[in-house]
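Chemist:
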Amino acid sequence: MGQGAALLLSRLLLLLAASRTLLAVSFPEDIVPLDVVDAHFTRRYPVFRGRPSVNDSQHRLDFQLMTKIQDTLFIAGRDQVYLVSLRESYRNEIISYRKLTWRSGQGDREMCAVKGKHRDECHNFIKVLVPRNDDLVFICGTNGFNPMCRYYRLDNLEFDGEEINGLARCPFDSKQTNVALFAEGKLYSATVADFQASDSVIYRSMGDGSALRTIKYDSKWLKEPHFLHAAEFGNYVYFFYREIAVEHSNLGKVVYSRVARICKNDVGGSQRVLEKHWTSFVKARLNCSVPGESFFYFDVLQSITDIIDVNGVPSVVGVFTTQMNSIPGSAVCAFSMTDIEKVFMGRFKEQKTPDSVWTPFPEEKLPKPRPGSCAGHGQAASFKSSVEFPDDTLQFIKSHPLMDTAVPSIGDEPWFTKTRVRYRLTALAVDGQAGPHKNYTVVFIGAESGVVLKVLAKTSLLSLNESLLLEEIDVFNRAKCPSNREDDKRVLSLHVDNNTHSLYVAFSSCVIRIPLSRCERHSSCQKSCIASRDPYCGWKPHGSCERIQPGVV
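Positions -24 to -1, 1 to 529 (mature numbering (1 follows the signal peptide of the UniProt record, and there is no 0)) are the ones given, in order, by the sequence shown.
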C-alpha cells in the first residue's frame, strides 16, 4: 500500500470513528418497557370490522377517521359511517347502533374510471366529519374523485338540505390528508383543491362573508403539505402539518413540521393586495429534538392532539419521526400555546433573492401595523377590518409568511423517544387526568408495527422521575382483521374514552378496543402491582391489584 493510500485510509477510519462517536452522543437510548403484553393476551379484546358479515370478502372498513361527538364515537370508512355509543359498553364486542351509507353516484364512478383510476379508488371515502352545531353534522366524501359534502341530522342521521360541492373542503383521493373544523359558524378546511393534487389550500367558506384561501402555487406559503390537525384557540385558528422546507431547498426535499395561524376575523386584503386571500397567515417550525453536543431532530410530524392542559398550560402533544430516508426514530414532544404565540410575535425570515440563504428580517424595518396581526386587536387595534391594512403590510406578509425562530418543545426535550427499533410511531392520544387524583399524564402511542406504547410522561422539569414506558402492547389482531397489505398493521388513530376506561385503536381494516389498564396481570402480587407504576392500578386491602376509579384513593 502506498503512503498516500495509507494516509487516505487512516483519515477514513478517523472519520468513521468520529461519526460513530457523534451517533452515540446524539442518538438517544430507548426505555425498557415494564411490561410486554403479547398478541396471545390481547386477542380477547373486541374487534370492529364494519359490516357484520364474515362472508363479505369484498368489503373492507378502509378506515379514514374517528371522532367523538356528544356521547357517540363516529367511525368513518369507505361508503359508510358507523355510530358507536360511548355510554353503553359491551364487554366482548363493539356494537354500531346506527350506520350511514353514502356511496359514490353511478355517474361519478364511471367518470372516475374514465380518468384512469382503479375501481377500488372510486368509492366514497369519508374524509370530513365535523359538527356544525348541536343538531347537524357536516360530512364530506371523495365520491369517486369528485368530492361532495352533505349535512346530516345528529339525532337520526337523515340527509338535511342539498349536496354541497366539496372542492377545497375535501380531498379527491383517500390517501390525501386533510383537516376541517367549524369556528364561529364558518368552515375552515385544509386539503388539495384539484384533481392533480398540485393546489394545496387552507380555505374558509360558508357562513357570512366571501371565501378566503392561501395563495395558489406559492411555495413560500405551502409546499406539498400533509395536514394533520386544526384547532380554534382565542382569536385564531391553528393548523398543524408537515411540508417540504422551502428554507432548505438547497438540501433537497427536507420535511419540517409546522404550525400555521390565521385570524378568525380576517376578511382578506384590499383590491390591490391579497384580495380574497389571508392577510394573517403566518407559520413556524415545530422543533422536536434531543439536546446535546449534536442535536438529534425528529422533523416529521405524524399525529398531534387537540389543545389540552399540561400542568395547567394550554398545549399540544405530537408524535414526530425522523426523515423517511434516514434511520428510524420517533419522539413525543409537547408545545405550549404560549411558546407558539411568542414565536409568532418574533422575527420573520426572508430570502432576498431566489438563490440567497434565508436570514432574519430586521425588526425595526417591519411595516405597521405588524404583519400577521388581527384587525381590531393589538398593534392593529385602530383598523376595523383587514381590508383597511396598508399595502406595505399586506405586501410584506404576502412574501414573508415564515417566522425565523422555531417553536421549542416544553422543557426543550422530548417526553419520550424510540430509536432502537425498525418501526416508527404513527399516532397518539393523551389522558391528562390519569390516576385517583387526576394528576398523571399517560400517553398512548401507536406504531406502524401494530403495537401501542403506554407511557407515563414526565411533563415538567421539576419532576424527579423520568418518563416510564409502562406497557408495550401488541394490539393488531391478525385473525380478525383482514390483512393483505403491508401497512394494514399501521395504527392510524387512537381515541381515549375515560368513561368506559377504554382505548380505541384504529387500523385500516378494523378498530380494536382495549382497556386503559391491565391491573389483573398483577392481581395476586402486591410487589408486582406497585412495581407496574400504573396510575390506573392500586393494591386493595383485601389482597388484589385492581383499577382505581378517579377520585377514589
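Note that CB positions come from ideal geometry on N, CA and C, so glycine has one too.
Answer yes or no: do residue 427 and residue 464 have a C-beta to C-beta separation smaller than 8 Å?
Modeler: For the purposes of this step, residue 427 is taken as the residue at position 451 of the sequence shown. For the purposes of this step, residue 464 is taken as the residue at position 488 of the sequence shown. Taking 8 Å as the Cβ cut-off, residue 427 and residue 464 do not qualify as a contacting pair.
Chemist: In whole angstroms, what separates the C-alpha of residue 539 from that of residue 123?
Modeler: The chain is shown only over -24 to 529; residue 539 falls outside these bounds and no answer can be derived.
Chemist: Taking residue 173 as the reference, which of 289, 158 and 150 has the closest Cα?
Modeler: Position 197 of the sequence shown holds residue 173. When only C-alpha atoms are compared, the closest one is 150.
Chemist: Helix or strand or just coil, what does DSSP make of residue 239?
Modeler: Start at 1 with the first residue of the sequence shown, and residue 239 comes out as number 263. If DSSP states are grouped into helix, strand and coil, residue 239 belongs with the strands.
Chemist: Taking the alpha-carbon of residue 303 as reference, which of 371, 417 and 397 has the nearest alpha-carbon?
Modeler: Locating residue 303 in the sequence shown gives position 327, where the first residue counts as 1. Residue 397 is the option with its Cα nearest to residue 303.
Chemist: Here's the rule: buried if 16 or more other CB atoms are within 10 angstroms of the residue's CB, otherwise exposed. What is residue 328?
Modeler: Here residue 328 refers to the residue found at position 352 of the sequence shown. When all chains shown are included, residue 328 counts as exposed.
Chemist: Look at the Cβ atom of residue 406, then the Cβ atom of residue 51, and state whether they are nearer than 8 Å.
Modeler: By 1-based counting over the sequence shown, the position of residue 406 is 430. By 1-based counting over the sequence shown, the position of residue 51 is 75. Against a cut-off of 8 Å, the Cβ pair of residue 51 and residue 406 comes out as no contact.
Chemist: Determine, using beta-carbon pairs with one atom in the segment 49 to 68 and one in the segment 465 to 483, whether at least three such pairs fall under 8 Å.
Modeler: yes
Chemist: Pick out whichever of 520, 500 and 476 has its Cα sitting closest to the Cα of residue 66.
Modeler: Here residue 66 corresponds to residue number 90 of the sequence shown, with the count starting at 1. The shortest C-alpha separation from residue 66 is found at 476.
Chemist: Could you give the residue range of the beta strand (DSSP E) that holds residue 125?
Modeler: Position 149 of the sequence shown, counted from the first residue, corresponds to residue 125. Where residue 125 is concerned, the enclosing beta strand (DSSP E) stretches over 124 to 129.
Chemist: Whose C-alpha, out of 186, 147 and 181, is nearest the C-alpha of residue 169?
Modeler: Your numbering for residue 169 matches position 193 in the sequence shown. Of the listed residues, the one whose Cα sits closest to residue 169 is 147.
Chemist: Let me confirm a value: residue 1 is counted as buried when at least 16 other C-beta atoms fall within 10 Å, else exposed. Which label applies?
Modeler: Here residue 1 corresponds to residue number 25 of the sequence shown, with the count starting at 1. Since pLDDT at residue 1 reaches only 42, below the 50 mark, its modelled position is unreliable, and no value is offered.
Chemist: Would you kindly work out how many angstroms separate the C-alpha atoms of residue 402 and residue 508, rounded to a whole number?
Modeler: Counted from its first residue, the sequence shown places residue 402 at position 426. Counted from its first residue, the sequence shown places residue 508 at position 532. The alpha-carbon atoms of residue 402 and residue 508 are separated by roughly 25 Å.
Chemist: Let me make sure I understand the geometry here. Which of 13, 505, 497 and 43 has the alpha-carbon closest to that of residue 468?
Modeler: Sequence index remark: in the sequence shown, residue 468 carries index 492 (1-based). Checked all of 13, 505, 497 and 43; the closest Cα to residue 468 is 43.
Chemist: Name the residue from 285, 513 and 237 whose alpha carbon lies nearest to the alpha carbon of residue 378.
Modeler: Numbered from 1 along the sequence shown, position 402 holds the residue referred to as residue 378. It is 237.
Chemist: Over what stretch of residues does the alpha helix (DSSP H) that includes residue 82 continue unbroken?
Modeler: As a position in the sequence shown, residue 82 is number 106, starting the count at 1. First-last of the alpha helix (DSSP H) with residue 82: 82 to 90.
Chemist: Can the beta-carbon of residue 291 be found closer than 8 Å to that of residue 313?
Modeler: Taking the sequence shown and counting its residues from 1, one reaches residue 291 at position 315. Taking the sequence shown and counting its residues from 1, one reaches residue 313 at position 337. Yes. Within cutoff.
Chemist: Within the chosen definition, does the segment 360 to 367 reach the segment 291 to 301 through at least 3 CB pairs nearer than 8 Å?
Modeler: no
Chemist: How many Å lie between residue 324 and residue 349 at the Cα?
Modeler: As a position in the sequence shown, residue 324 is number 348, starting the count at 1. As a position in the sequence shown, residue 349 is number 373, starting the count at 1. Cα to Cα, the separation comes out at about 13 Å.
Chemist: Considering only DSSP beta bridges, list what residue 209 is partnered with.
Modeler: Mapped onto the sequence shown, residue 209 falls at position 233. For residue 209, which the question treats as bridged, DSSP gives the partners 212.
Chemist: Mind the definition here: the segment 179 to 199 touches the segment 122 to 137 only if three or more C-beta pairs lie below 8 Å; say whether that holds.
Modeler: When C-beta atoms of the segment 179 to 199 are compared with those of the segment 122 to 137, fewer than three pairs fall below 8 Å, so the two segments do not count as touching.
Chemist: In angstroms with no decimal places, state the Cα-to-Cα distance between residue 436 and residue 510.
Modeler: By 1-based counting over the sequence shown, the position of residue 436 is 460. By 1-based counting over the sequence shown, the position of residue 510 is 534. The straight-line gap separating the alpha-carbon atoms of residue 436 and residue 510 is approximately 19 Å.
Chemist: Cα separation between residue 308 and residue 390?
Modeler: Here the question's residue 308 lines up with position 332 in the sequence shown. Here the question's residue 390 lines up with position 414 in the sequence shown. Rounded to whole angstroms, the separation of the alpha carbons of residue 390 and residue 308 is 6 Å.
Chemist: Please report the straight-line C-alpha distance between residue 91 and residue 217, rounded to a whole angstrom.
Modeler: Here residue 91 refers to the residue found at position 115 of the sequence shown. Here residue 217 refers to the residue found at position 241 of the sequence shown. If I take the Cα positions, the gap works out to 29 Å.
Chemist: On a CA-only basis, which of 459, 251, 454 and 471 is nearest residue 553? Give me that one, please.
Modeler: This structure cannot settle anything about residue 553, because the visible part of the chain is limited to -24 through 529.
Chemist: Check for me: the beta strand (DSSP E) holding residue 319 runs from which residue to which?
Modeler: By one-based count along the sequence shown, residue 319 stands at place 343. Unbroken run through residue 319 is the alpha helix (DSSP H), 313 to 320; no beta strand (DSSP E).
Chemist: For residue 420 versus residue 404, is the C-beta distance shorter than 8 Å?
Modeler: Translated into the one-based positions of the sequence shown, residue 420 becomes position 444. Translated into the one-based positions of the sequence shown, residue 404 becomes position 428. A contact, by the Cβ cut-off of 8 Å.
Chemist: Am I right that residue 531 and residue 76 are in contact with their C-beta atoms under 8 Å? What's the rounded C-beta distance?
Modeler: What is shown of the chain runs -24 to 529, which leaves residue 531 out entirely.
Chemist: What's the gap between the Cα of residue 319 and the Cα of residue 233?
Modeler: Taking the first residue of the sequence shown as position 1, residue 319 is located at position 343. Taking the first residue of the sequence shown as position 1, residue 233 is located at position 257. The straight-line gap from Cα to Cα measures roughly 15 Å.
Chemist: Decide if the segment 240 to 248 is in contact with the segment 266 to 274; the criterion is three or more beta carbon pairs, one per stretch, under 8 Å apart.
Modeler: no
Chemist: Determine which residues share a DSSP beta bridge with residue 75 and list them.
Modeler: One-based indexing of the sequence shown puts residue 75 at position 99. Answer is 58, bridged to residue 75.
Chemist: Going by DSSP, name the residue or residues bridged to residue 473.
Modeler: Taking the first residue of the sequence shown as position 1, residue 473 is located at position 497. DSSP output for residue 473 lists 478 as bridge partner(s).
Chemist: Compare the Cα-Cα distances from residue 261 to each of 250, 278 and 235 and report the closest residue.
Modeler: Translated into the one-based positions of the sequence shown, residue 261 becomes position 285. Here the closest residue by C-alpha is 235.
Chemist: Tell me whether residue 342 sits in a helix, a strand or coil according to DSSP, three-state version.
Modeler: Counting from one through the sequence shown, the residue named residue 342 turns up at place 366. Note: residue 342 maps to coil in three-state DSSP.
Chemist: Put residue 350 into one of helix, strand or coil per three-state DSSP.
Modeler: Walking along the sequence shown from the start, residue 350 turns up at place 374. If DSSP states are grouped into helix, strand and coil, residue 350 belongs with coil.
Chemist: Considering only DSSP beta bridges, list what residue 273 is partnered with.
Modeler: As a working note, residue 273 is residue 297 in the sequence shown. In DSSP, residue 273 forms a bridge with 265.
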